[in-house]
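Student:
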Amino acid sequence: MSTIPVWRTTLVAGVTAAALLTPTAAHAESGRTGGDGIPALTDAHGRVLTLRGWNVEDKANRGDAALSAITERHFRDMRAKGFNLARLLVFWDDLEPRPGQYSQGYLRKIERILGWAEKHDVKVLIDSHQDVFGPAFGHRGIPAWATRTDGLPFTPHPDDWFAEYFEPAVQRAFTHLYEDEDLRRAQARMWRLLADRFEDHPAVIGYDLINEPMGEIREGEDLATAARRIERDQLTPMYNRLADAVRSVDRSTWVFVEPTPIVGEGVPTGLGRIDDPKIVYAPHFYNTGMEAGADYDPAAGWIESYERAVTLYPKEYKVPVVVGEWGPLNNSLPNMNRFYREAMASLGRYGSGWAGYVWCYGGGYCAVDGAGTFRANKELTAEPYAEAVAGTVRSTAYDPGAGSYRLSYDAAGRRGSRVTELSLPPGDWRVSARGGALVLRPSPGRAWVLAAPGARVTVTATRG
3 MSTIPVWRTT LVAGVTAAAL LTPTAAHAES GRTGGDGIPA LTDAHGRVLT LRGWNVEDKA
63 NRGDAALSAI TERHFRDMRA KGFNLARLLV FWDDLEPRPG QYSQGYLRKI ERILGWAEKH
123 DVKVLIDSHQ DVFGPAFGHR GIPAWATRTD GLPFTPHPDD WFAEYFEPAV QRAFTHLYED
183 EDLRRAQARM WRLLADRFED HPAVIGYDLI NEPMGEIREG EDLATAARRI ERDQLTPMYN
243 RLADAVRSVD RSTWVFVEPT PIVGEGVPTG LGRIDDPKIV YAPHFYNTGM EAGADYDPAA
303 GWIESYERAV TLYPKEYKVP VVVGEWGPLN NSLPNMNRFY REAMASLGRY GSGWAGYVWC
363 YGGGYCAVDG AGTFRANKEL TAEPYAEAVA GTVRSTAYDP GAGSYRLSYD AAGRRGSRVT
423 ELSLPPGDWR VSARGGALVL RPSPGRAWVL AAPGARVTVT ATRG
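Taking the numbering used here, the leading residue of the sequence shown gets 3, the next gets one more, and so forth.
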């Protein structure tokens, strides 16, 4: 698209004043996961985790054909290229087509997909996805029976679907979802069912409670002000309710919470504390201009502004960060090589991982083409990284030009796992370790490091 839609121009103008504008120094390399006061994601053994992967979806099919576009190939190919995370989109309207009637067939399909993920050692984040609320507005997500509009108007925007979020009927539907007691109970029951079904599945690492939540803008509010109010007054209590529903059946799986998409413009979230010990902050990393098809503008300072804003919440509430979606529509424009390099460095400075949008075989947002080959510049997402570190991470760094990755950590004590796991993208990688550590190569794309308790270890992986 050659022009930015009207709503996007309005969005940029409305949030600019609210963005953090303090300059920041450039970073030459990725920092340690969980650095700068942000906790790291951990596993049951206490190892520091890094998750890198892609969203996996089937938005086209529903009913008996739901999820049929997702195959075992998705997980085999992702793992072969070094990725260990799939954010799996599931839809409430498919799970509960009528109030109180849950589709056992849909649950079995989710379970089959989780089986493929387990087979190929890919962790799955189950995402309760919505786009423009749901099928009442021609999209997917919240069931039509749970959609209340008070008769307000809705006009489709076929050339700019995101603008439909600002239609009065859609905004009112979000208000009813947040405020109506019977809809609150229905949403909690849905999550209790999912958590009860999949709590023990070895592939499941977390639950993303709702994708890109939006809300109703009040008269006189700009978008940034409205977003912070919605996050503070409606999303925070909703997340606490849903976390309680999950914990009634599942005490150990991570719960992921998202701000509104307005955070993508460098606006700090208004979310409050979620009273749960295993919360992950899961913002999305999209720029309005690039979403409309524009090239990356390095001089605009968008990545720097986003990073400053998005790290405030996890620092304050001491929760890990995993970016749930990111990636431009047109990845072949002149500045996109620079974008991917700078984005990967930024994500590595503060996050425990990310899921790109989207693993599919074709054009548009797809990560790979029909043959499974990375599309332009998306090969830059495939870097070496430490999937699990048995100890305290001191630093990580990757130099893509030299093809060299370095991890420094203090090995854990005698309790817990001693195995540190590295993921390596396709290629001839040489892995070595100092500090009395032993390197094992269980497969071409993996390396395991075993170290004595308390040892200071440096691991180096170099492309041959």
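The beta carbon of each residue, even a glycine, is placed where N, CA and C say it ideally should be.
May I ask you to report which of helix, strand or coil DSSP gives S250?
Tutor: Within the sequence shown, numbered from 1, the residue matching residue 250 stands at position 248. Correct three-state label for S250: coil.
Student: Are the CB atoms of T464 and R432 nearer to each other than 8 angstroms?
Tutor: The residue given as residue 464 occupies position 462 in the sequence shown. The residue given as residue 432 occupies position 430 in the sequence shown. In this structure, R432 lies closer than 8 angstroms to T464 by Cβ.
Student: Cα-Cα, which of E214, V441 and V259 is closest to P322?
Tutor: Stepping through the sequence shown from its first residue, residue 322 is reached at position 320. Nearest of E214, V441 and V259 to P322, Cα basis: V259.
Student: Given a cut-off of 8 angstroms, decide if L91 and E113 are closer than it, judged by their beta-carbon atoms.
Tutor: The residue given as residue 113 occupies position 111 in the sequence shown. The residue given as residue 91 occupies position 89 in the sequence shown. No, these two residues do not count as a Cβ contact at 8 angstroms.
Student: Taking three-plus beta-carbon pairs below 8 angstroms as touching, is the region 241 to 255 in contact with the region 263 to 278?
Tutor: yes
Student: State the start and end residues of the unbroken beta strand (DSSP E) segment that holds W193.
Tutor: Working through the sequence shown from its first residue, we reach residue 193 at position 191. Counting along the chain, W193 falls outside any beta strand (DSSP E), though it belongs to the alpha helix (DSSP H) covering E183 to F200.
Student: For the beta strand (DSSP E) that contains T422, what are its first and last residues?
Tutor: Looking up residue 422 in the sequence shown gives position 420. That run of the beta strand (DSSP E) goes V421 to S425.
Student: Nearest to G438 by CA position, among S445, E423 and P455, is which residue?
Tutor: Position 436 of the sequence shown, counted from the start, is the residue given in the question as residue 438. Nearest option by C-alpha distance: P455.
Student: Jot down the residue ranges of each uninterrupted beta strand (DSSP E) in the region 341 to 382, minimum 3 residues, whole runs only, in chain order.
Tutor: 355 to 358
Student: Sort D123, R81, A71 and D210 by Cα distance to V248 and report the nearest one.
Tutor: Position 246 of the sequence shown, counted from the first residue, corresponds to residue 248. Comparing Cα-Cα distances from V248 to each of D123, R81, A71 and D210, the minimum goes to D210.
Student: Give the DSSP-derived three-state secondary structure of Y308 in the structure shown.
Tutor: On the sequence shown, residue 308 is found 306 positions in, with the first residue counted as 1. Here Y308 sits in helix by DSSP.
Student: Excluding the 5 residues flanking P41 on each side, which residues of the same chain have their C-beta closer than 8 angstroms to its C-beta?
Tutor: Position 39 of the sequence shown, counting from 1, holds the residue named residue 41. Correct list, in chain order: P316, K320, V321 and P322.
Student: At the level of alpha carbons, what is the spacing between R310 and L237?
Tutor: If you number the sequence shown from 1, residue 310 lands on position 308. If you number the sequence shown from 1, residue 237 lands on position 235. Looking at the two C-alpha atoms, the distance is approximately 22 angstroms.
Student: Taking the alpha-carbon of A165 as reference, which of P204, N63 and A294 has the nearest alpha-carbon?
Tutor: In the sequence shown, the residue the question calls residue 165 occupies position 163. For A165, the nearest C-alpha among the options comes from A294.
Student: What residues are listed by DSSP as bridge partners for A449?
Tutor: To locate residue 449, count along the sequence shown from 1; it is residue 447. In the DSSP output, where bridge partners are listed per residue, A449 has L424.
Student: Name the one or two DSSP bridge partners that E327 has.
Tutor: For the purposes of this step, residue 327 is taken as residue 325 along the sequence shown, with counting starting at 1. E327 pairs with H286.
Student: Roughly how many angstroms separate the alpha carbons of E385 and K83, rounded to a whole number?
Tutor: As a first step, residue 385 must be located in the sequence shown, where it is residue number 383. As a first step, residue 83 must be located in the sequence shown, where it is residue number 81. Approximately 9 angstroms, taken between the alpha carbons.
Student: For S70, I'd like the list of residues in its chain whose CB is within less than 7 angstroms of its CB, leaving aside the five on either flank, ordered along the chain.
Tutor: As a first step, residue 70 is located in the sequence shown; it is residue number 68 there, counting from the start. Closer than 7 angstroms at the Cβ level, and outside the excluded window around S70, lie D60 and N63.
Student: Are the beta-carbon atoms of Y288 and M216 separated by less than 8 angstroms?
Tutor: By 1-based counting over the sequence shown, the position of residue 288 is 286. By 1-based counting over the sequence shown, the position of residue 216 is 214. No. Outside cutoff.
Student: Please work out which residues of its chain come closer than 6 angstroms, Cβ to Cβ, to Y283, disregarding the five sequence neighbours upstream and downstream, and give them in chain order.
Tutor: Reading the sequence shown from its first residue, position 281 is the one you call residue 283. Excluding positions up to five away in sequence, the list reads Y315, P316, V321 and V323.
Student: Helix, strand or coil for G16? Go by DSSP, reduced to three states.
Tutor: In the sequence shown, the residue the question calls residue 16 occupies position 14. For G16, the predicted model reports a pLDDT of 43, less than 50, meaning its position is unreliable; a value from the coordinates is still stated below. Of the three classes helix, strand and coil, the one that applies to G16 here is helix, per DSSP.
Student: When the distance is taken between beta carbons, is L409 closer than 8 angstroms to A392?
Tutor: Start at 1 with the first residue of the sequence shown, and residue 392 comes out as number 390. Start at 1 with the first residue of the sequence shown, and residue 409 comes out as number 407. It is not a contact, given that the beta carbons lie outside the stated cut-off.
Student: With a 10 Å radius around its C-beta and 16 neighbouring C-beta atoms as the bar for buried, classify A68 as buried or exposed.
Tutor: Counting from one through the sequence shown, the residue named residue 68 turns up at place 66. By the neighbour-count rule (16 or more Cβ atoms within 10 Å), A68 is buried.
Student: Would you check if the region 358 to 372 and the region 411 to 418 touch, i.e. whether three or more CB-CB distances between them fall below 8 angstroms?
Tutor: no
Student: If we ignore side chains and look at the alpha-carbon of each, how far apart do F139 and D45 end up?
Tutor: Taking the sequence shown and counting its residues from 1, one reaches residue 139 at position 137. Taking the sequence shown and counting its residues from 1, one reaches residue 45 at position 43. Distance between the alpha carbons of F139 and D45: 39 angstroms.
Student: What residue range does the beta strand (DSSP E) around I77 cover?
Tutor: Within the sequence shown, the letter at position 75 stands for residue 77. In the sequence as presented, Ile is not what sits at residue 77; that position holds Phe. F77 -> not in any beta strand (DSSP E); alpha helix (DSSP H) instead, spanning E74 to A82.
Student: Tell me V395's beta-bridge partners as DSSP assigns them.
Tutor: As a working note, residue 395 is residue 393 in the sequence shown. Its beta-bridge partners are Y411.
Student: Exposed or buried, which one is H141 when buried takes at least 16 other CB atoms within 10 Å?
Tutor: Position 139 of the sequence shown, counted from the start, is the residue given in the question as residue 141. The residue in question, H141, is buried, as its Cβ has 16 or more Cβ neighbours within 10 Å.
Student: Got a sec: is the Cβ-Cβ distance from A119 to anything in chain D below 8 angstroms?
Tutor: Protein chain content of the structure displayed is limited to a single chain, and chain D is not contained in it.
Student: Just the C-alpha distance for L179 and P160, rounded to the nearest angstrom, thanks.
Tutor: Taking the sequence shown and counting its residues from 1, one reaches residue 179 at position 177. Taking the sequence shown and counting its residues from 1, one reaches residue 160 at position 158. Going by the C-alpha atoms only, they are around 25 angstroms apart.
Student: Quick one: what's got a C-beta closer than 8 angstroms to T460's C-beta in the same chain, skipping five residues either side?
Tutor: As a first step, residue 460 is located in the sequence shown; it is residue number 458 there, counting from the start. For T460, where only same-chain residues beyond five positions count, the Cβ hits under 8 angstroms are R408, L409, S410, A435, R436 and G437.
Student: Between the C-alpha atoms of L51 and P155, what's the straight-line distance to the nearest angstrom?
Tutor: Here residue 51 corresponds to residue number 49 of the sequence shown, with the count starting at 1. Here residue 155 corresponds to residue number 153 of the sequence shown, with the count starting at 1. Going from the Cα of L51 to the Cα of P155 covers about 46 angstroms.
Student: Can you tell me where the beta strand (DSSP E) with K125 in it begins and where it stops?
Tutor: Position 123 of the sequence shown, counting from 1, holds the residue named residue 125. It spans K125 to S130 - the beta strand (DSSP E) in which K125 sits, taken as one unbroken run.
Student: Is it buried or exposed for A453, if we count other Cβ within 10 angstroms and need 16 for buried?
Tutor: Residue mapping note: residue 453 aligns to position 451 of the sequence shown, counting from 1. Counting Cβ neighbours within 10 Å, A453 comes out buried, since at least 16 surround it.
Student: What are the residues that DSSP puts in a beta bridge with N57?
Tutor: Taking the sequence shown and counting its residues from 1, one reaches residue 57 at position 55. Paired residues: R89.
Student: Between Q173 and R234, what straight-line distance do the alpha-carbon atoms span, to the nearest angstrom?
Tutor: Indexing the sequence shown from 1 puts residue 173 at position 171. Indexing the sequence shown from 1 puts residue 234 at position 232. Roughly 17 angstroms separates the two Cα atoms.
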